[in-house]
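Protein chains in written order, with the working numbering: chain F, 1 to 207; chain X, 208 to 788. Where is the CB? At the ideal position from N, CA and C, for every residue including glycine. Here is the structure we will look at, set down as structure tokens.
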């Protein structure tokens, strides 16, 4: 059987955070350098504020569009609750969970439930490598909270094997010209966060 | 790099591209997840006349007439829409078609955005028409071209079954070709051919003859492929299930069926005879397996081991066939909070539901975003089944003795399937209220236009149906328009309608808060003055996602609040105030 290396990425977040845009950019970027790409979303009733998860798979030959549980190389979570919700998708030995340090309280229905604590520790106890990045803070620092998704993509670019050119070409194709400068800056800041996390990983990552 | 140029596109866009290349001239549709993007994608091609129809049967009938007149046409709908169109679908084959006709049925295994699971391969069987099933985006593009060819070759409508996982997955699709204009067939007046009821018996014999030729065709149809591999593992599969089978068994011998009705009986029997054991992997019902068993094949592993509900997955195949353990969902061990679906902040439906709840009404519901009115804290809808059922169901409850019955139905759904039952509330003297929740769009499926918005699918201005005039023309005497953002006005309107003896109609008139035109309007969010708030919980009873509690204090999310003011109206201490200065 010939080697069929496939990269499996899961992106999760809350509806409205830009998970779909980010996964679209990643899928297009992957398509410029890999033979096959499949990207699919799983969400229930169309809604704002719901849990959103996107599956991206690329390689020489990709069959199933969905990532198997336990097979994701990267889980890129745009929100903390949305990391633990999907953590079981990640490969225990080589996979990594990248979490944006942001808590989005679900809109209240019925009783009041506090936002849970100990999410990162829970996933580490389960044996996952977890990297927490302040993507939303960086985005706010750049003056636009909404570019969080692009900061997250910048972080991701350190963990999957796609060229700088693939990312840049795709961003330039997908982002409207008037928002280009801030988005390219956001991507660059994300790349820096990712590099720092990689360099520090042997000290801080449990796994 | 020398690689072929490929385009990352949704399965739905691939279907549209294939239809364009196949030279389709006309398409009609009613929105329904997961099919809704196909007509929108078709609209980018100026050669194609594409439109939203009032409902799926209308869409089907329009495309049917167009195809019989000699040119290629398609009708597009979600699988339950085919139920609406099925009256025509079942009779169309008796007359047959000149121009190619393809019905796209988008199924939803797993009910991601649907009210039931229904395997529409059975409908192709009942209608005696070919069923084509692509397994990915590339096949979606190619197979629809083949579907048009088969349609014209046999003079029959053809169904193309896609599923959510194909419709809403992006694939890199290549092999784009130029559009080929199919030569129009010449329609000639021929009463015995096209007036089916009068000549039905002779038409049946013609259809049977066509079908037996189709059965022969199935044996050699190139959409059915045996991928030779390991001689010990035989798999029969179709559609998205093929991908999961191949993922787990990269070397198995797989009989992949691209045409699943009629089936290549002899090829299937011969295939099964080569193996000790054959796995039949299909999403939803045991359609392939049942027919194999009718053919006398017994060495099958099918729905005895695979579930007939939900989507398949590679993990499921691995678990069922290889005994691989599922990795447990760790979030179940953690005090995770769900993010349940709910009416959006600023949703105009909220105001009417609040008024209906306060009025202690019994509410029969329908299909749309507003179905979420059944959820707490509003809990203001008591039944909901399918498109257009609310008014008839409400009639039945009222006639059965239930008091204070209200049917709620959206604007698009009312036009789709509510008008005949509203007429019946007048004709048969029902004592009930019908509320038409007019949010100026087809909301749930992603903001498609309809006959009461005044715009066509291609964005052209058209006559705007006046729902109020329509309702009056049906003979309803008590008709009132209300602003659902005004809670008191809404409540008073419900009270008046309840007091009226006979059928009455309330029309709430407020655009969906997510429409681009609404989002562009300047917003003035509300806020809570902490010192004034007595935490009475009144505002929480609206179920607005912008209102939450942070460390025991009620707060309004500034970014999510649209300024609809409903919470201000229910706040007795006056602790909720505008942020405007």
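Residue environment for residue 724(X): exposed (fewer than 16 other C-beta atoms within 10 angstroms of its C-beta).
Residue environment for residue 240(X): buried (at least 16 other C-beta atoms within 10 angstroms of its C-beta). In this chain, the alpha helix (DSSP H) harbouring residue 450(X) covers 448-455. Bounds of any alpha helix (DSSP H) do not take in residue 57(F); it lies within the beta strand (DSSP E) bounded by 51-59.
Identification of residues in the region 442-461 of chain X having a C-beta nearer than 9 Å to some C-beta of chain F yields 447, 449, 450, 451, 452, 453, 454, 455, 457, 458, given in sequence order. Scanning chain F for C-beta atoms nearer than 7 Å to the C-beta of residue 215(X) yields 27, 28, 31, 37, reported in chain order. Identification of chain F residues near residue 286(X) by a Cβ-Cβ cut-off of 7 Å yields none; the smallest Cβ-Cβ distance measures about 17 Å. Between residue 5(F) and chain X, the shortest Cβ-Cβ separation is not below 8 Å. Contact annotation: in the region 505-531 of chain X, residues whose CB is within less than 7 Å of a CB in chain F are 520, 521, 522. Looking at 63(F), 81(F), 86(F), the one whose alpha-carbon comes closest to that of residue 74(F) is 86(F).
Apart from the 5 residues on each side of it in sequence, residue 191(F) sits with its Cβ closer than 7 Å to the Cβ of 154, 157, 158 in its chain, given in chain order. Using beta-carbon distances, residue 70(F) counts as an interface residue toward chain X, with a partner under 8 Å. Neighbours of residue 51(F) in chain X, taken as residues at a C-beta separation under 7 Å, are given in chain order as 546.
In the three-state scheme derived from DSSP, where H, G and I count as helix and E and B as strand, residue 578(X) is classed as helix. Residues 131 of the same chain have their beta carbon placed closer than 6 Å to that of residue 197(F), with the five preceding and five following residues left out of the count.
Taking a C-beta distance under 8 Å as the contact criterion, residue 503(X) and residue 487(X) do not qualify as a contact pair. For residue 469(X), the closest Cβ of chain F is not nearer than 8 Å.
Fully contained in the region 534-612 of chain X are the following alpha helix (DSSP H) runs of length 4 or more, in chain order: 556-565, 596-606. Residue 75(F) has 10(F), 97(F) as its beta-bridge partners, per DSSP. Of all residues in the region 654-666 of chain X, none comes within less than 8 Å of chain F when Cβ atoms are compared.
Here residue 397(X) is exposed. Its C-beta has fewer than 16 other C-beta atoms within 10 Å.
The alpha-carbon of residue 367(X) is positioned some 8 Å away from that of residue 341(X).
Identification of residues in the region 284-314 of chain X having a C-beta nearer than 9 Å to some C-beta of chain F yields an empty set.
Considering only beta carbons, no part of the region 183-200 of chain F lies closer than 9 Å to chain X.
In this structure, residue 454(X) lies away from residue 347(X), with their beta-carbon atoms at least 8 Å apart. Looking only at 265(X), 249(X), 217(X), 242(X), the smallest Cα-Cα distance to residue 231(X) is reached by 249(X). Taking a C-beta distance under 8 Å as the contact criterion, residue 337(X) and residue 421(X) qualify as a contact pair. A Cβ-Cβ distance of about 7 Å is found for the pair residue 287(X) and residue 321(X), placing them in contact under the 8 Å criterion. Within the region 64-95 of chain F, the residues whose Cβ lies closer than 7 Å to some Cβ of chain X are 64, 65, 66, 68, 69, 70, 81, 84, 85, 87, 88, listed in chain order. Residue 168(F) counts as exposed, since fewer than 16 other beta carbons sit within 10 angstroms of its beta carbon. 576, 578, 579, 582: these are the residues of the region 569-582 of chain X whose beta carbon lies less than 9 Å from some beta carbon of chain F, given in chain order.
DSSP links residue 486(X) through a beta bridge to 442(X), 508(X).
If you check the CB distance, residue 613(X) and residue 640(X) come in under 8 Å. With a threshold of 16 other beta carbon atoms within 10 Å, residue 135(F) meets it and is buried. The Cβ atoms of residue 162(F) and residue 29(F) lie closer than 8 Å to each other. Around residue 105(F), the beta-carbon contacts reaching into chain X at under 8 Å are 755, 757.
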